[in-house]
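Undergrad: Numbering (our numbering), first residue to last: 34 to 571. C-beta atoms are modelled at their ideal positions from N, C-alpha and C, and glycine is treated no differently. None of these values were measured; they are calculated from a predicted model.
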Ligand SMILES: Cc1ncc(COP(=O)(O)O)c(C=O)c1O
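The structure is reproduced here in structure tokens:
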């Protein structure tokens with residue numbers, strides 16, 4: 034079937050005939066091939082019969098909207114290749130992937146342009162993934178996956194979104210993955226060499242063979258994993274367990290479930306920057322509560338409650354991040370007393386539960402919480418691997434129900450494969466040995482890190498820390514943000530403490546991780562940091 038042409042009208046002829054490509058281009062009006070309508074004609078003369086249908090135009094009148102659109106489009110094209118491209122784009126928009134487009138010869142005669150012009154336009158469309166050519170067969174509409182997205186004007190999104198706070202800016206430095214030659218003294222997870230690889234591999238293999246594991250799971254999580262977490266929490270105080278994909282997701286879920294936009298959340302100062310970010314993202318207002326090396330100060334907490342009327346306290350009673358402080362046993366009753374008197378919800382982030390010595394560790398606050406004030410969060414990502422993203426939220430009564438309800442609308446359930454894997458790992462007889470080994474490796478690395486600090490200008494009296502990190506005044510009083518940047522230039526990443534304060538308290542601290550690579554890496558990392566310190570203080 035021949036390719037059809039639109040009728041010549043005065044307007045169309047004038048427009049098409051006026052544009053001169055070059056002196057040799059005919060000035061006589063020429064018909065432009067039709068593009069509107071769904072018509073797909075048979076193969077044209079330049080291609081074999083089996084090379085797919087050719088997209089061409091309808092035979093009906095110029096008054097069709099497609100024609101008008103096409104002509105106005107052509108009018109706006111100020112170059113000959115631009116006109117050819119626009120014509121082909123219209124055909125592509127109306128065709129289907131694999132439809133054959135007019136040949137070079139056809140386009141030359143239809144549009145009155147030279148072969149060079151047609152080839153330039155086609156080359157541009159190939160680059161943008163709009164069309165494909167098959168040598169000897171012709172040019173075809175490309176599959177949508179090959180077409181590159183064209184970015185238009187998205188300024189409207191600024192107005193539509195307004196000034197939402199995501200908290201993302203606070204977490205960005207934590208999530209940054211260092212380049213392969215950067216030594217990571219900023220990381221929050223143990224070095225990959227410390228993961229229980231063989232336990233995880235074995236558990237994954239067994240997990241995928243369990244009946245029903247490739248299906249759905251309850252919103253709360255699979256029963257045996259919840260029971261394991263509940264038993265670990267201690268004597269049954271009526272707490273129920275819900276599984277989440279990691280501790281960060283748990284914090285975010287809790288803040289969104291239990292508070293309304295504009296509510297206060299009381300937080301130790303400093304505190305985990307991810308909790309500050311999650312609270313801000315939930316529209317909450319973090320309010321700092323003073324602490325020292327024994328944890329939160331009860332008088333400070335009482336004053337903050339009086340002043341703000343805040344109902345939610347976020348606290349890390351074990352190995353507080355970043356200071357490493359553990360809440361002194363004599364302060365625990367005072368905190369729980371305040372919770373009872375003022376009706377506080379205590380969000381207990383027990384993020385390093387597994388890295389505490391099982392023979393001497395303090396019970397979580399949630400272990401003695403008959404009135405249901407405590408929401409306990411325990412994550413396995415530091416002790417198994419960040420990729421096995423499993424954490425548990427334990428709470429009682431209506432608080433648990435509220436959290437469960439929120440979870441059910443945000444994400445139906447955590448993958449049963451991950452839950453079964455985590456359960457298999459923590460119930461493996463080799464699990465306690467893994468934890469013991471992890472604790473001792475981390476302790477060795479920490480000693481190495483501590484020993485090298487004075488040489489780079491850190492005041493040893495300022496150093497505190499938990500199993501994964503040390504927290505200290507920035508060497509020689511340097512600005513921690515500037516030091517972080519200079520350190521990166523020297524090939525070592527460190528955390529600046531400036532964002533770790535829920536209020537605006539100025540801070541001159543940095544955090545160094547002993548979770549990085551083996552000892553040699555820590556030594557080289559410290560040397561590089563020392564160089565950065567020298568450069569900044571020169
Ligand atoms: C104090 C604290 N809580 C919670 C988390 C969240 O960890 P994840 O989401 O990997 O369980 C972190 C991560 O570093 C943390 O430091």
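When the Cα atoms are used, what is the spatial distance from residue 537 to residue 338?
TA: Within the chain shown, residue 537 is the residue found at index 504, counting from 1. Within the chain shown, residue 338 is the residue found at index 305, counting from 1. Cα to Cα, residue 537 sits roughly 18 Å from residue 338.
Undergrad: What residues come near ligand 1, if near means a beta carbon less than 6 Å from any of its heavy atoms?
TA: My final list is 221, 279, 280, 281, 305, 307, 349, 354, 382, 384, 412, 414, 419, 424.
Undergrad: So for residue 504, helix, strand or coil by DSSP?
TA: Residue mapping note: residue 504 aligns to position 471 of the chain shown, counting from 1. Strand, per DSSP.
Undergrad: Determine whether the beta carbon atoms of residue 452 and residue 258 lie at a separation below 8 Å.
TA: Indexing the chain shown from 1 puts residue 452 at position 419. Indexing the chain shown from 1 puts residue 258 at position 225. For residue 452 and residue 258, yes; Cβs fall inside 8 Å.
Undergrad: Can you name, in chain order, every residue of its own chain whose Cβ lies under 7 Å from the Cβ of residue 542, other than the five neighbours on each side?
TA: The residue labelled residue 542 in the question sits at position 509 within the chain shown. Excluding sequence neighbours, residue 542 sits near 504, 505, 506, 507, 513, 530.
Undergrad: State the start and end residues of the unbroken alpha helix (DSSP H) segment that holds residue 436.
TA: Taking the first residue of the chain shown as position 1, residue 436 is located at position 403. That run of the alpha helix (DSSP H) goes 430-443.
Undergrad: If you drop the 5 nearest sequence neighbours on each side, which residues of the same chain put their C-beta closer than 7 Å to that of residue 202?
TA: Position 169 of the chain shown holds residue 202. Within the same chain, residue 202 has no close Cβ partners at all.
Undergrad: Residue 434: buried (16+ other C-beta within 10 angstroms of its C-beta) or exposed?
TA: If you number the chain shown from 1, residue 434 lands on position 401. Answer is exposed; the Cβ neighbour count stays below 16.
Undergrad: Does the segment 322-342 come into contact with the segment 273-282, if we say contact requires no fewer than three beta-carbon pairs (one atom in each stretch) closer than 8 Å?
TA: These segments do not touch.
Undergrad: Hey, how far is the Cα of residue 370 from the Cα of residue 432?
TA: The residue you call residue 370 lines up with position 337 of the chain shown. The residue you call residue 432 lines up with position 399 of the chain shown. Cα to Cα, the separation comes out at about 19 Å.
Undergrad: In terms of residue numbering, what span does the alpha helix (DSSP H) encompassing residue 288 cover?
TA: If you number the chain shown from 1, residue 288 lands on position 255. First-last of the alpha helix (DSSP H) with residue 288: 280-291.
Undergrad: Tell whether a beta-carbon distance below 8 Å holds between residue 426 and residue 417.
TA: Looking up residue 426 in the chain shown gives position 393. Looking up residue 417 in the chain shown gives position 384. In this structure, residue 417 does not lie closer than 8 Å to residue 426 by Cβ.
Undergrad: Evaluate the contact criterion for the segment 251-268 versus the segment 466-475: three or more CB pairs, one atom per stretch, below 8 Å.
TA: These segments do not touch.
Undergrad: CB-CB under 7 Å to residue 153, same chain, minus the five flanking residues each way: which ones, in chain order?
TA: Along the chain shown, read from residue 1 onward, the residue named residue 153 stands at position 120. The residues are 114.
Undergrad: In whole angstroms, what is the alpha-carbon distance linking residue 448 and residue 245?
TA: Counted from its first residue, the chain shown places residue 448 at position 415. Counted from its first residue, the chain shown places residue 245 at position 212. Each residue's Cα considered, the two are about 12 Å apart.
Undergrad: Using the Cα positions of residue 149 and residue 176, report the straight-line distance between them to the nearest angstrom.
TA: Reading the chain shown from its first residue, position 116 is the one you call residue 149. Reading the chain shown from its first residue, position 143 is the one you call residue 176. Cα to Cα, the separation comes out at about 26 Å.
Undergrad: Going by C-alpha distance, which of 540, 306, 215, 316 is nearest residue 292?
TA: Taking the first residue of the chain shown as 1, we reach residue 292 at position 259. With distances taken between Cα atoms, residue 292 lies closest to 316.
Undergrad: Where do the ends of the beta strand (DSSP E) carrying residue 496 lie?
TA: Taking the chain shown and counting its residues from 1, the one referred to as residue 496 is at position 463. From DSSP, residue 496 is part of no beta strand (DSSP E); its letter is neither H nor E.
Undergrad: Would residue 549 pass as an interface residue toward chain B - the criterion being a Cβ-Cβ separation below 8 Å?
TA: Here there is only one protein chain, and chain B is not present.
Undergrad: Residue 547 and residue 494: beta carbons closer than 8 Å?
TA: Within the chain shown, residue 547 is the residue found at index 514, counting from 1. Within the chain shown, residue 494 is the residue found at index 461, counting from 1. Cβ atoms of residue 547 and residue 494: not closer than 8 Å.
Undergrad: Less than 8 Å between the CB atoms is what I'm expecting for residue 408 and residue 428, so what's the real figure, rounded?
TA: Sequence index remark: in the chain shown, residue 408 carries index 375 (1-based). Sequence index remark: in the chain shown, residue 428 carries index 395 (1-based). Contact holds; Cβ gap of about 4 Å.
Undergrad: CA-CA distance, residue 283 and residue 229?
TA: As a first step, residue 283 must be located in the chain shown, where it is residue number 250. As a first step, residue 229 must be located in the chain shown, where it is residue number 196. If I take the Cα positions, the gap works out to 24 Å.
Undergrad: Where do the ends of the alpha helix (DSSP H) carrying residue 450 lie?
TA: Counted from its first residue, the chain shown places residue 450 at position 417. Run containing residue 450: 449-459, per the alpha helix (DSSP H) assignment.
Undergrad: With which residues is residue 171 paired in a DSSP beta bridge?
TA: Taking the first residue of the chain shown as 1, we reach residue 171 at position 138. Bridge partners of residue 171: 167.
Undergrad: According to DSSP, is residue 560 helix, strand or coil?
TA: The sequence position of residue 560 within the chain shown is 527, counting from 1. Looking at residue 560 - three-state DSSP - the assignment turns out to be helix.
Undergrad: Go ahead and pull the three-state DSSP assignment for residue 297.
TA: For the purposes of this step, residue 297 is taken as the residue at position 264 of the chain shown. Three-state DSSP puts residue 297 in a strand.
Undergrad: Tell me which residues share the same chain as residue 333 and place their Cβ nearer than 7 Å to its Cβ, disregarding the 5 neighbours each side in the sequence.
TA: If you number the chain shown from 1, residue 333 lands on position 300. For residue 333, where only same-chain residues beyond five positions count, the Cβ hits under 7 Å are 322, 323.
Undergrad: Pull up the DSSP beta-bridge partners for residue 347, would you.
TA: On the chain shown, residue 347 is found 314 positions in, with the first residue counted as 1. Note: residue 347 sits in a beta bridge opposite 300, 380.
Undergrad: Under the assumption that residue 306 contacts residue 204 (Cβ atoms under 8 Å), give the Cβ distance between them as a whole number of angstroms.
TA: Mapped onto the chain shown, residue 306 falls at position 273. Mapped onto the chain shown, residue 204 falls at position 171. Indeed they touch by this definition, with Cβ atoms about 7 Å apart.
Undergrad: Alpha carbon to alpha carbon, what distance is there between residue 189 and residue 234?
TA: As a position in the chain shown, residue 234 is number 201, starting the count at 1. As a position in the chain shown, residue 189 is number 156, starting the count at 1. Cα to Cα, the separation comes out at about 48 Å.
Undergrad: Is residue 379 near ligand 2, with its Cβ less than 7 Å from a heavy atom?
TA: Judged by which ligands are present, ligand 2 is missing from the structure shown, whose ligands are ligand 1.
Undergrad: Can you have a look at residue 385 and say buried or exposed, based on whether 16 or more other CB atoms are within 10 angstroms of its CB?
TA: Locating residue 385 in the chain shown gives position 352, where the first residue counts as 1. By the 10 Å Cβ count, residue 385 comes out buried.
Undergrad: Classify residue 528 as buried or exposed, calling it buried when 16 or more other Cβ atoms lie within 10 Å of its own Cβ.
TA: If you number the chain shown from 1, residue 528 lands on position 495. Buried.
Undergrad: Could you give the residue range of the alpha helix (DSSP H) that holds residue 418?
TA: Residue numbering aside, residue 418 sits at position 385 when the chain shown is read from its first letter. Unbroken run through residue 418: none, as it is neither H nor E.
Undergrad: Thinking C-beta only, is residue 525 closer than 8 Å to residue 562?
TA: On the chain shown, position 529 is the one that residue 562 refers to. On the chain shown, position 492 is the one that residue 525 refers to. In this structure, residue 525 lies closer than 8 Å to residue 562 by Cβ.
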